[in-house]
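The structure under discussion appears below in the form of structure tokens.
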Amino acid sequence: MINPQSVVLFSLALFCIGIYGVLVRRNLLFILISIEIMLNAVAVLFIAAGSYHDHVDGQLMYLFILTLAASEVAVGLGLIIQMYRRSLSLDVDQLSHLHD
Amino acid sequence: MLLELIVILLLGAVIAWISDSIDNRLPKWIAVISLLSSLYPLHPIIMAGSSSDGQAWLVSESYPWIERFNISLYLALDGLSLLLVLLSLLMGLVAVLCAWKEISFRSGFFYFNLLCSLAGTIGVFCALDLFLFFVFWEIMLVPMYLLIAIWGYENRRYAAIKFFLFTQAGGLLMLLSICALVLLHYQNSGELTFNYDQLLQHQLSESSAFWVMLGFFIAFIIKLPIVPFHNWLPDAHTQAPTAVSVILAAILLKTGGYGLLRFVLPLFPSASAEIAPYVMALAAFSIIYGGLMAFSQQDLKRLVAYSSISHMGFVLFGCYAMTQIATHGAIMQMLAHGVSSAALFALVGAIQYRYHTRDLNQLGGLWLRLPKLSALLLFFVVASLGLPGLGNFIGEFLVLIGSFSAMPKLTIIAVCGLILAAIYGLKIAQKALFGPVKLAPCADVDRREMAMFVGLALLLLWMGLHPQPLLDLAQQSVNLITVGVEL
Amino acid sequence: MQDHYLANLLMLVVLLPLFSACLLMLSALFSVKLSKTSVTLLAVGCMALAAILVLLVGIEYSDYAGQSFSYRYANWIEIGQLRLSFGFYLDPLSLVMIAIVTGVGFLIHLFSIGFMQQDADFQRFFIYLNLFISAMLTLVLADNLLLLFLGWEGVGLCSYLLIGFWHQQPANILAANKAFIMTRIGDAALAIALLLLFLLLGSLNIQEIQLKAVQLWPLDDNASQYRLDWVSICALLLLAGAIGKSGQFPLHTWLPDAMAGPTPVSALIHAATMVTAGVYLIARFYQLFNLSPLAMLAVASIGAITLILAATAALVQSDLKRILAYSTISQIGYMFLALGAGAYSAAVFHLMTHAFFKALLFLSAGALVYSLGHQQNIFRMGGLAKKTPFICACFLAGCAALSALPFMSGYFSKDFILESLLQQQMYGFWAIAIIGAFITAFYSFRLFFLIFCGDCQLNPDKKLPTSMIIPLALLLLLSVFGGIMPAVLNVLFEGGPALLASVTNDSLALHLLTIATPISAVLLCWLIFRKHSFSERFNSSLTPRFKYLLFMGWGIDRLQEKIFTQPFIRLCQANKNDFIDRLSQLLSHISQYGHRQLQRLQNGKLRWYAASLILSAIVALLSIVLLR
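Residue numbers (the working numbering), protein chains in the order written: chain A, 96 to 195; chain B, 3 to 489; chain C, 173 to 800.
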């Protein structure tokens, strides 16, 4: 049995890495990857919480998140490809046409 | 009968819209026909006339609508609303005649909106269920917004939005007040009702009555309009096409005065009496301010619009003097101003149609170019500056003589408004009609216009020389209005 | 029924000119071309018929022996206590007035046929003129104040239209505007008087008002005389109305400008009839005025001030019609003086003779101007006595009557006024009146000498048509012999309200003085102008600045413009864009500013959004944790 505290810390670290990636990277692809990392951090937390409480809901939520992440990646990658075709760049700072 | 009246107009509106796709000359004929045929349901009421003494309503009818909230289609007419309904139909006809040649772009939709707005106005004058009243109040506004925004002149979007925001803000306050009134009544009696007669029986506590009244009051004085809330009117009038100006000046402003007489004064007699001195001061200020502003305008339509503000000040003044004579005066002033301002706007529209300008500096010497039109314009200017023998004078005189006992000093200020009326009235004549000729020759009034203007002139003369039938018709309503508040 | 007969006659008198005006108006509006002859026949014919009917009214009315006759034709407004009707009230006063209006009106109509013959707007002229006559008759016959007000405003409107008749010149329109607005100020006072009288006495019927006033406010001899009580306020407000209409100080400045209208109009409206409406109003309310010594004093003082002011201004004018206008103002001042002394009949008598001789003067001025090709400057004229002997005779008679030379009509009426002033022991006012008489005689003969004596400068190029000669001749007779009529007037006034103060002869010396004053003025005038061979040179003895002051009518016009007109216009200009509109636009500016500020947050930078999302999530979490 792993210490739940270390699992929480691990998940927090993972989440922070994700946040750092979202904020710092300018390439859309990396931002997407960072978001995936954040999702996985939450998923790990769910599994740990589920096994700690002896409850099946944690694993259920993990499956749910897994599906969500997969579909998100599918849609996100599709959009990114479209965007790259249009503007030949994946730099989010340049992709700011929506602001006006 | 009253429901038929409104349905005929709405039906006419829809048919006019559809008929546009067949031939774009059809809508105006359909508008005329539906306006004339809407007189048919009214004729038994006019025939019976003022003979039905004692009863509050000449005719009333009620159909269930939203039963869960006890809302019904409760429509009724008394002398006051009958007069205003007739004025609306007549001025609707004048408006259609004004638009006859002027409107060719999407004419079906134009007449659809015009008739819808008229139907809404007539609904406002008939509705005695507060919820229904509010619905009609909105039906009246939205087509009006479209009319200004689509068929207006150069700055139409701005004017339309301003018009809409002002009146909508007022409408919102009124809706709050209606809800508050109904809920307070529900708390006291346990019965949820929007029925005017039932709400009339109900006495509110003094503090709540004041706030509830204020909502109604502000909505109506925005519509009237009275000075701090008046500035939508000059813009709306200046930008609106002639027909819409006619409707706006002749009928829409009257819904404000009607609302005061029908709802504010009878529903909240003591709260109204309390604020009466302030309101009358506001009205007197409005009379003077409107007159001053009218004088400083260069745009003929703006000038007439500001003069409307000044004249509607007399209506508010008469309403809050709370004497029989003054209330009669307010009603007469509404009717006479309806006719005279409609004629003035129609004439300005006729000038604009011919010369494409409303600027007083560009006009001048019109008398030599269009002698008949100028003579008519002079007649209506003189009417609006209150020449005895014409309708407006009767209204103003009754307001003044009725208010003098209540507020002598303010009445004297209002009398000064008559001097201002002369000053700005003569400015129109001086700048537009007289002086050296500046404009090219042009066709004078044709038969359609002549019939319209002579008719309106005769109407004003009749109001000025033999107002008694109108006064008799309104007597019953005036009794009801003043019985609660007269000391 | 005798009553109905008289009532119908009166109604016809009022309706006939109205009928012709309406008919002419409709024909103009519906493009029915009428020849000048048919317009003339209709307009002047109706006027002649009205004048004949007034004669019949006079005959019929003589049965009443001075009793008043009133008749209500129809109800007008009836709400509760407020009962108004279309009703006429005939008594000697209104009879004299309708006789003047229709009589002089008819003569002036006749004169206008010739005068306006060349004018393109012949028909419009007669529409206005007939409308005016009808309104004026309504004014003098009305039995209630509101109907009187209808006539009062009606004549004001017609006066406006006729002053601005030649509407292409902006100056004429400005003069018309001025006239209408100035009188409108007086009218507002009259309207307030109407409201006040209704409030205090509960009636608008003129006779009822006065009856109730006498009962309610009996004249108290013990109390201090010049109190500002309700009756005085009412009377003063009525007076203010009269001042506006009658061109009295300080609202007189419109009248000289009103000469922009065609000359027959000046004769009819701005000399003979409309401007005397104020006098009529005060005479009509004599019972009310009698109750207020203060108001009486005010009437007399205004009369006296106006009398001197206008007479001196007339001394230096160069425009023929302006001189006559100032003289009208000054003569109406005499009437006010008489009213203030309580000599109502003297005032009405002077009103009548003044209507005759001033109409004569204006019409002959019109004839002169007509034959000289619209020249109105008297310095350009001279030596016209031989060229236009008939006009010269008319002028001479007019000037003589105006100067009150013995046995002309003006003499009797002015003498009446002076004597009643003495009788009331108003010696100060009497002295002013004598001085005024001197100046009057001086300026009228200055006018006469400058036009008709000396060297000839202009040649008349047109012959007068008969339609102009007949009215002139008739008015000439009336001006000379019209003063013998007090006997007739006495009969009329007998038994009625005691208008006529019984005149007793004061000392012979004072009487002689009133005769001697104008004669000496004429002689002085003759001496001065003969020495300078009838040119204006003598006036250079006045300092130029003072002369200019007089020329500008004591600068009252300028003063009014500085004090009222210009600030008013400046006020309006300053607020041209409606500051309240600015305020509400401020609201929209504020919301637009807020919109722009908030818009900055939406910069399109994804990482910026993410960071702010995370930051606010952290803040929210922390605040939940910490605040618990």
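Built from N, CA and C at the ideal position, the CB exists for glycine as well.
Reducing DSSP to helix, strand and coil, say where Leu636/C ends up. For the purposes of this step, residue 636/C is identified with residue 464 of the third sequence, where counting begins at 1. Here Leu636/C sits in coil by DSSP.
Tell me whether Phe260/C sits in a helix, a strand or coil according to DSSP, three-state version. Translated into the one-based positions of the third sequence, residue 260/C becomes position 88. Phe260/C: strand per DSSP, three-state reduction.
Compare the C-beta of Leu489/B with all C-beta atoms of chain C and state if any pair is closer than 8 Å. Position 487 of the second sequence, counted from the first residue, corresponds to residue 489/B. Low per-residue confidence applies at Leu489/B: pLDDT is 42, beneath 50, and the placement is therefore not dependable enough to give any value.
Given a threshold of 16 other Cβ atoms within 10 Å of its Cβ, counted over all protein chains shown, does Ser763/C qualify as buried or as exposed? As a first step, residue 763/C must be located in the third sequence, where it is residue number 591. By the 10 Å Cβ count, Ser763/C comes out exposed.
Mind reading off the beta-carbon distance from Cys564/C to Phe624/C? Whole number of angstroms is fine, and I expect it under 8 Å. Position 392 of the third sequence, counted from the start, is the residue given in the question as residue 564/C. Position 452 of the third sequence, counted from the start, is the residue given in the question as residue 624/C. At roughly 5 Å, the Cβ-Cβ gap stays under 8 Å, so Cys564/C and Phe624/C are in contact.
Alpha carbon of Glu140/B to alpha carbon of Phe222/B, nearest angstrom: Your numbering for residue 140/B matches position 138 in the second sequence. Your numbering for residue 222/B matches position 220 in the second sequence. Taking the straight line from one Cα to the other gives about 13 Å.
Neighbourhood of Ile73/B by C-beta, 8 Å cutoff - its chain only, sequence neighbours within 5 removed: The count along the second sequence starts at 1 and reaches residue 73/B at position 71. Result list for Ile73/B: Trp67, Asp131, Phe133, Leu134, Phe196, in chain order.
Between which two residues does the beta strand (DSSP E) harbouring Phe110/A extend? Here the question's residue 110/A lines up with position 15 in the first sequence. Per DSSP, Phe110/A belongs to no beta strand (DSSP E); it is in the alpha helix (DSSP H), 99 to 119.
For Ala670/C, is the classification buried or exposed, using 16 other Cβ atoms within 10 angstroms of its Cβ as the cut-off for buried? Here residue 670/C refers to the residue found at position 498 of the third sequence. Residue confidence for Ala670/C is low, a pLDDT of 40 falling below 50, so the modelled location carries little weight; the figure read from the coordinates is stated next. Classified as exposed, Ala670/C has fewer than 16 neighbouring CB atoms from the shown chains inside 10 Å of its CB.
Can you list the alpha helix (DSSP H) stretches of 4 or more residues lying completely in the stretch 403 to 487 of chain B, in chain order? List check, alpha helix (DSSP H) in window: 410 to 430, 449 to 467, 470 to 487.
Going straight from the alpha carbon of Gly340/B to that of Ala251/B, what length do you get? Here residue 340/B refers to the residue found at position 338 when the second sequence is read from its first residue. Here residue 251/B refers to the residue found at position 249 when the second sequence is read from its first residue. Taking the CA atoms as reference points, Gly340/B sits about 7 Å from Ala251/B.
Secondary structure of Asn190/B, DSSP reduced to three states: Along the second sequence, one-based indexing puts residue 190/B at 188. Helix at Asn190/B.
Straight-line gap, Val306/B to Leu178/B (C-alpha atoms, nearest Å): Numbered from its first residue, the second sequence carries residue 306/B at position 304. Numbered from its first residue, the second sequence carries residue 178/B at position 176. Their Cα atoms are separated by approximately 33 Å.
Whole-angstrom distance between Gly331/B and Asn377/C, CA atom to CA atom: Counting from 1 along the third sequence, the entry for residue 377/C is found at position 205. Counting from 1 along the second sequence, the entry for residue 331/B is found at position 329. Their Cα atoms are separated by approximately 20 Å.
Could you check whether the Cβ of Met314/B sits closer than 8 Å to any Cβ belonging to chain C? Residue numbering aside, residue 314/B sits at position 312 when the second sequence is read from its first letter. Taking Cβ atoms only, chain C never reaches closer than 8 Å to Met314/B, which makes this a no.
For the stretch 222 to 256 of chain C, which segments carrying the beta strand (DSSP E) assignment without a break, of at least 3 residues, lie completely within its bounds, in sequence order? Annotation: the stretch 222 to 256 of chain C contains the following complete segments of the beta strand (DSSP E) (minimum length 3 residues), in chain order: 241 to 251.
In terms of alpha-carbon separation, which member of Gln459/C, Pro428/C, Leu320/C lies closest to Lys384/C? Taking the third sequence and counting its residues from 1, the one referred to as residue 384/C is at position 212. For the residues Gln459/C, Pro428/C, Leu320/C, the minimum Cα distance to Lys384/C belongs to Gln459/C.
Between the Cα of Ser191/B and those of Gln205/B, Tyr198/B, Cys181/B, Ile180/B, spot the shortest distance and give me the residue it belongs to. As a working mapping, residue 191/B is identified with position 189 in the second sequence. Answer by Cα proximity: Gln205/B.
Quick check: is the beta carbon of Lys374/B nearer than 8 Å to any beta carbon in chain C? Within the second sequence, the letter at position 372 stands for residue 374/B. Answer yes: the Cβ-Cβ gap between Lys374/B and chain C drops below 8 Å somewhere.
Bridge partners - Leu77/B, DSSP secondary structure assignment: In the second sequence, counting from the first residue as 1, residue 77/B sits at position 75. Leu77/B pairs with Glu63/B, Ala129/B.
Endpoints, alpha helix (DSSP H) assigned at Trp338/C: Position 166 of the third sequence, counting from 1, holds the residue named residue 338/C. Note, Trp338/C: premise wrong, no alpha helix (DSSP H); not H, not E.
May I ask you to list the residues that DSSP assigns as paired with Asn549/C? Translated into the one-based positions of the third sequence, residue 549/C becomes position 377. For Asn549/C, which the question treats as bridged, DSSP gives the partners Asp491/C.
Using 8 Å as the threshold, is the C-beta distance between Leu7/B and Ser36/B below it? By 1-based counting over the second sequence, the position of residue 7/B is 5. By 1-based counting over the second sequence, the position of residue 36/B is 34. No, these two residues do not count as a Cβ contact at 8 Å.
Can you round the beta-carbon distance between Gly336/C and Gly416/C to whole angstroms, since I take them to be within the 8 Å contact cut? As a position in the third sequence, residue 336/C is number 164, starting the count at 1. As a position in the third sequence, residue 416/C is number 244, starting the count at 1. At roughly 18 Å, the Cβ-Cβ gap does not stay under 8 Å, so Gly336/C and Gly416/C are not in contact.
Assuming contact is defined by CB atoms lying nearer than 8 Å, are Phe265/B and Phe218/B in contact in what I supplied? As a working mapping, residue 265/B is identified with position 263 in the second sequence. As a working mapping, residue 218/B is identified with position 216 in the second sequence. For Phe265/B and Phe218/B, yes; Cβs fall inside 8 Å.
Quick one: grab the DSSP three-state call for Asp175/C. If you number the third sequence from 1, residue 175/C lands on position 3. Correct three-state label for Asp175/C: helix.
Using a Cβ-Cβ cut-off of 8 Å (strictly less than) and excluding sequence neighbours within five positions of Arg450/B, which residues of its own chain qualify? Here residue 450/B refers to the residue found at position 448 of the second sequence. Excluding residues within five positions, the ones whose Cβ falls inside 8 Å are Leu99, Trp102.
Residues of chain C with CB closer than 7 Å to the CB of Ile425/B, please, in chain order. Within the second sequence, residue 425/B is the residue found at index 423, counting from 1. Near Ile425/B (Cβ distances below 7 Å), the residues of chain C are Ile353.
Pull up the distance between the alpha-carbon of Ala338/B and that of Met465/B, whole angstroms please. Translated into positions along the second sequence, residue 338/B becomes position 336. Translated into positions along the second sequence, residue 465/B becomes position 463. Ala338/B and Met465/B: Cα-Cα distance of roughly 7 Å.
Is it buried or exposed for Lys429/B, if we count other Cβ within 10 angstroms and need 16 for buried? Position 427 of the second sequence holds residue 429/B. Residue environment for Lys429/B: buried (at least 16 other C-beta atoms within 10 angstroms of its C-beta).
Answer with buried or exposed for Ser479/B, where buried requires no fewer than 16 other C-beta atoms within 10 angstroms of its C-beta. What you label residue 479/B is simply residue 477 of the second sequence in a count that begins at 1. Classification of Ser479/B: buried, given that the 10 Å Cβ count is 16 or more.
Just how far apart, CA to CA, sit Gly173/A and Val103/A? Walking along the first sequence from the start, residue 173/A turns up at place 78. Walking along the first sequence from the start, residue 103/A turns up at place 8. Taking the straight line from one Cα to the other gives about 33 Å.
On a CA-only basis, which of Arg70/B, Ser209/B, Ile180/B is nearest Leu202/B? Give me that one, please. As a first step, residue 202/B is located in the second sequence; it is residue number 200 there, counting from the start. With distances taken between Cα atoms, Leu202/B lies closest to Ile180/B.
Taking only runs of the beta strand (DSSP E) that begin and end inside the stretch 262 to 341 of chain C, which ones reach a length of at least 3 residues, in chain order? none
Mind checking if Lys748/C is an interface residue toward chain A, Cβ cutoff 8 Å exclusive? Walking along the third sequence from the start, residue 748/C turns up at place 576. With 8 Å as the cut-off, Lys748/C does not count as an interface residue toward chain A.
Hey, out of Gln340/C, Asn316/C, Thr310/C, whose CA is closest to Gly326/C's CA? Position 154 of the third sequence holds residue 326/C. Closest by alpha carbon: Thr310/C.
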